[in-house]
Amino acid sequence: MRARVDTAPAWTRARGRRRVGARVAGGVARDGPSARTIEIMESIASARDDDDASAARGAGGTTTLEGLMRLDAAWTSMRRGAGRGDGEAFARRRRRRAATETASDAFDVAVCGGTLGILVACALQRRGGRVCVIERGELRGREQEWNVSRAELEALVRAGALTAEDADEVTMIEFNPIRCGFHGSEKEDIVTRDVLNCGVSPARLVAKCRERFEEAGGRVMERASLNGVDVYDDCAVLDVDGNAVHARLVLDCMGFNSPIVRQIRGGAKPDGVCVVVGTCAEGFDASKNESADLIRTVTDIETDYRGQYFWEAFPASSGPGDRTTYMFTYMDAEEARPSIASMLDDYWEYMPAYQGLSSMDDVKVKRVLFGLFPTFRNSPLKTEIDRVLAIGDASGIQSPLSFGGLAAILRHVNRITGAVEEALDANALDRDALRSINAYQPALSAAWLFQRCMSVRIGAKPKRDFINRLMTTNFGVMEALGEDVMRPFLQDVVTFKGLGKTLVSMTASKPLFVPEILINAGPGPIADWFRHFIALGMYDLLSSPAGAVAHALRPAGQDESNANPLVEAVSGSLSPRQKFFIRRHAEAVIYGCGRDAH
Ligand SMILES: Cc1cc2nc3c(=O)[nH]c(=O)nc-3n(C[C@H](O)[C@H](O)[C@H](O)COP(=O)(O)OP(=O)(O)OC[C@H]3O[C@@H](n4cnc5c(N)ncnc54)[C@H](O)[C@@H]3O)c2cc1C
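Numbering-wise (the numbering used here), the sequence shown opens with residue 3 and increments by one.
Okay, here's the thing in structure tokens:
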């Protein structure tokens with residue numbers, strides 16, 4: 003018989019739970035792991051053996067008690083605003099040339115951070131670049147699967163990072179149907195298929211991309227930490243564990259906690275945060291373990307500044323009765339917000355009822371999961387430094403609603419690798435040129451208000467069922483409008499038509515609810531959002547001509563169909579730098595209004 007985690011004593015389930023003080027390097031967690039969390043985490047053999055803090059694995063890659071306390075300490079520092087005034091700049095602009103002989107030996111691109119970085123590095127190397135990857139830990143993806151839609155994964159095949167067979171090999175599981183449902187709603191679940199229904203193994207994906215990267219001549223430097231960057235007129239010089247590495251362009255793929263991002267953002271507090279906790283556990287009824295919840299609520303708004311808890315659940319590939327469940331909430335980074343460890347206690351309390359278990363004892367926890375996703379309204383991040391460009395979570399390009407950083411890079415990988423290639427060809431590596439790659443996207447900015455509406459401000463007192471009513475109304479309207487509206491939204495694609503139709507229908511069906519939404523969001527964010535909504539409409543209007551311009555100015559050798567002789571003649575008179583900028587503006591319009599997803 004399988005050994006199971008002991009039931010926690012009743013007192014650990016009550017609010018004001020007894021906790022073990024958690025004093026960790028870098029800060030004191032205000033509200034440390036409870037005895038129950040410690041007991042569960044220590045009972046998982048891999049969570050003890052696997053505590054290799056230097057291993058890469060990226061966000062969500064650490065599943066140990068130490069890792070939890072480290073993340074909570076970082077969350078505490080973030081809430082206290084301790085990121086400001088970090089001392090000397092990590093990336094510095096020097097006004098002269100680096101030594102010519104070393105500069106001529108430079109890599110085209112140094113990708114710093116290998117989790118999503120290896121995907122982009124592989125695509126660039128296979129397109130003919132000279133690329134290196136600098137990874138602080140071991141270059142290895144985590145065990146816990148990432149969920150994406152199959153069509154999204156195809157982007158890596160188009161980018162050349164994977165073959166179609168590789169894409170099959172890294173996809174460990176597919177599940178259907180996909181459900182959404184909200185507490186207190188009298189409506190049936192919203193059911194769809196083939197949205198975020200593929201479990202991709204990060205370990206296999208990273209290994210496969212690495213293999214193809216090295217096969218094409220790419221260089222991996224692992225267990226090698228980037229300690230600073232000096233940018234010269236002719237190249238960047240990276241300090242990698244005291245050794246100098248030269249590159250024409252630096253891609254910052256070091257995640258949301260990147261020292262370069264902290265420098266550019268001035269250590270500012272994020273505008274919003276999504277905190278997630280969960281487990282992958284075995285012992286669920288295999289006959290019922292086929293479908294997934296994309297988003298669900300089982301309670302109303304919490305007390306203690308915890309906001310509204312949302313849930314996600316899906317089968318894991320490790321066994322027929324294995325299932326992952328996440329509980330997450332959106333909030334700001336005010337000091338009063340709860341610790342991640344204390345959210346885990348709520349998870350132990352709610353999860354059994356959510357999944358139809360009698361208690362946590364019905365399943366065996368294989369892995370405890372946790373993560374923190376800061377979001378900034380000012381995203382994607384525009385660089386302040388020549389030759390340095392943020393990619394992946396560092397760039398803030400992922401939706402503020404989901405924690406789908408892989409999904410976000412898949413959506414943008416062909417645009418980004420194409421833009422980087424053109425920047426290298428046109429020698430457009432200065433700050434202004436690189437800022438045009440991470441251009442303003444009204445669709446992304448408009449999505450920020452949704453996060454705000456799904457959170458509860460400190461001091462605000464909405465009715466406890468407010469967010470559930472909002473979600474029920476919003477999803478009900480989208481379902482009635484059809485798959486064309488619902489599917490892009492579920493995949494983090496906000497479009498003008500979808501959003502416009504949803505707002506009109508919501509106002510028509512629940513006119514008295516609209517003032518409540520406006521009051522909860524606050525006048526400032528609403529006014530700001532309206533600006534992005536108008537921009538979204540303008541971008542949508544311009545997207546067809548922008549597509550034609552981007553096509554006409556495409557680099558030589560790409561898709562010669564539909565060539566217009568007049569436009570081709572004009573394009574021939576432009577300099578490579580001019581073409582680079584015009585194409586970036588055109589892409590910004592197309593991606594900025596979600597037209598790329600059609
Ligand atoms: C619980 C959880 C579940 C998730 N589920 C999904 C999902 O289902 N689908 C999805 O799309 N996304 C999911 N995500 C998000 C996804 O994991 C992240 O978006 C992704 O890991 C971001 O990758 P990144 O490379 O940008 O940053 P990170 O993952 O943060 O990786 C940064 C890398 O940089 C390295 N690094 C840092 N500093 C240095 C330095 N100084 N020198 C060299 N290297 C350095 C780190 O070692 C690390 O490898 C989930 C995240 C969590 C926490």
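Yeah, the Cβ is synthetic: ideal placement off N, Cα and C, and Gly gets one too.
Residue i to residue j, Cα distance in whole Å?
| i | j | result |
| --- | --- | --- |
| Phe582 | Gly549 | 14 Å |
| Ala161 | Gly373 | 29 Å |
| Trp350 | Phe316 | 17 Å |
| Ala61 | Arg489 | 26 Å |
| Ala588 | Ala425 | 15 Å |
| Cys200 | Arg98 | 49 Å |
| Ser187 | Val487 | 21 Å |
| Glu190 | Glu292 | 19 Å |
| Leu408 | Ile175 | 16 Å |
| Ala246 | Val231 | 9 Å |
| Thr474 | Phe184 | 6 Å |
| Gly280 | Pro578 | 49 Å |
| Asn149 | Cys282 | 14 Å |
| Arg433 | Lys384 | 9 Å |
| Leu158 | Ser438 | 23 Å |
| Ser45 | Arg586 | 52 Å |
| Glu304 | Phe468 | 12 Å |
| Val277 | Ala558 | 45 Å |
| Thr301 | Tyr311 | 7 Å |
| Trp450 | Trp531 | 8 Å |
| Ala428 | Leu492 | 37 Å |
| Lys503 | Glu485 | 13 Å |
| Cys237 | Arg466 | 56 Å |
Between residue i and ligand 1, is there a pair consisting of the residue's CB and a ligand heavy atom that are separated by less than 7 Å?
| i | result |
| --- | --- |
| Arg283 | Per the sequence presented here, residue 283 reads as Ala, with Arg not at that position. It does not: the Cβ of Ala283 is nowhere closer than 7 Å to a heavy atom of ligand 1. |
| Thr66 | no |
| Leu158 | no |
| Cys200 | no |
| Asp138 | Looking at the sequence provided, one finds Arg at residue 138 rather than Asp. Yes, the Cβ of Arg138 comes within 7 Å of a heavy atom of ligand 1. |
| Thr117 | yes |
| Trp77 | no |
| Phe405 | yes |
| Met174 | no |
| Gln265 | no |
| Asn440 | no |
| Val222 | no |
| Gly274 | no |
| Asn522 | no |
Let's test the definition: count the other Cβ atoms within 10 Å of the Cβ of residue i and tell me whether it reaches 16, buried, or not, exposed.
| i | result |
| --- | --- |
| Leu568 | exposed |
| Gln560 | exposed |
| Val591 | buried |
| Leu543 | exposed |
| Ser360 | exposed |
| Val122 | buried |
| Asp347 | buried |
| Leu514 | exposed |
| Ile521 | exposed |
| Ala462 | exposed |
| Val606 | Absent from the model: residue 606. The displayed extent of the chain is 3 to 600, so no value can be given. |
| Arg533 | exposed |
| Pro547 | exposed |
| Thr509 | exposed |
| Gly130 | exposed |
| Lys210 | buried |
| Glu154 | buried |
Does ligand 2 have a heavy atom nearer than 7 Å to the CB of residue i?
| i | result |
| --- | --- |
| Cys114 | Ligand 2 is not among the ligands present in this structure, which contains only ligand 1. |
With H, G and I counted as helix, E and B as strand and the rest as coil, what does DSSP make of residue i?
| i | result |
| --- | --- |
| Arg72 | helix |
| His185 | coil |
| Glu304 | coil |
| Phe215 | helix |
| Ala112 | strand |
| Ala462 | coil |
| Phe312 | strand |
| Tyr234 | coil |
| Asn476 | helix |
| Ser36 | strand |
| Arg95 | strand |
| Ile536 | helix |
| Gly28 | Because Gly28 sits at a pLDDT of 39, beneath the cut-off of 50, its placement in the model cannot be relied upon, and the following sentence gives the value as read from the coordinates. Of the three classes helix, strand and coil, the one that applies to Gly28 here is coil, per DSSP. |
| Asp254 | strand |
| Asp241 | strand |
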